[in-house]
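Enquirer: In this note's numbering, the protein residues as written are 1 to 189. The beta carbon of each residue, even a glycine, is placed where N, CA and C say it ideally should be.
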Ligand SMILES: CC(C)(COP(=O)(O)OP(=O)(O)OC[C@H]1O[C@@H](n2cnc3c(N)ncnc32)[C@H](O)[C@@H]1OP(=O)(O)O)[C@@H](O)C(=O)NCCC(=O)NCCS
């Protein structure tokens with residue numbers, strides 16, 4: 001009967017994985033810096049047609065394209081942005097007027113924040129979010145996937161309320177952002 005790897009083999013495999021990740025980071029850093037210097041990231045307002053393919057690839061993969069076409073997309077007040085890197089769309093985000101659950105007035109809802117896997121970790125998400133903050137400059141909310149909560153927190157978004165499930169995507173938290181000049185809103189809960 002064959003046995004699985006023992007603790008020593010698992011330790012060696014983990015060490016090798018850590019060293020390889022470190023080496024990849026060290027070797028890639030200058031190449032990433034060079035590519036960014038030659039091809040800066042450009043954030044701009046866009047229409048729904050420009051953002052749907054990446055939204056589909058990152059957030060709705062395995063589903064038909066229609067899953068990435070949302071009712072908010074063509075509303076007059078909705079705004080979309082893309083980040084292009086050498087002409088290629090590597091980041092997308094949308095805001096639309098929607099009332100947060102439990103509130104009475106509509107606010108801006110951030111939706112469909114997506115960065116191409118090959119461009120993640122390079123500042124694309126930060127740049128997009130900062131552009132949305134600048135442009136909207138008014139209270140916003142979103143349903144953030146649990147794994148993205150830390151990202152939003154870095155840029156002043158605050159989770160409020162309990163974790164909830166959003167099938168098929170999984171666990172989410174409702175998060176809120178307010179421009180610094182506005183006083184913090186008291187929690188409803
Ligand atoms: C989450 C996502 C938008 C972040 O975009 P990104 O371009 O990869 O992030 P950036 O490179 O701009 O990261 C900016 C900072 O946030 C940090 N960060 C990025 N993703 C994070 C995460 N999931 N949790 C905590 N911190 C995160 C980075 O380490 C970086 O910190 P630093 O400035 O100290 O180096 C992107 O990874 C993504 O599209 N993921 C898949 C789809 C998704 O989850 N969308 C959100 C749905 S709510």
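Since residue 88 sits in a beta bridge, which residues does DSSP pair it with?
Expert: 85
Enquirer: Quick check: what's the CA-CA separation for residue 60 versus residue 68?
Expert: 6 angstroms
Enquirer: In whole angstroms, give me the CA-to-CA distance for residue 213 and residue 87.
Expert: Outside the shown range of the chain, which is 1 to 189, sits residue 213, and nothing can be said about it.
Enquirer: Among the candidates 123, 145, 144, whose CA atom is the shortest distance from the CA of residue 33?
Expert: 123
Enquirer: So, with DSSP's three-state summary, where would you put residue 37?
Expert: helix
Enquirer: Run through DSSP, which three-state label would residue 125 get?
Expert: Note: residue 125 maps to helix in three-state DSSP.
Enquirer: Alpha helix (DSSP H) containing residue 53: first to last residue?
Expert: 48-59
Enquirer: Suppose the cutoff is 6 angstroms on Cβ atoms and the five residues either side in sequence are ignored; what does the same chain contact list for residue 129 look like?
Expert: 155
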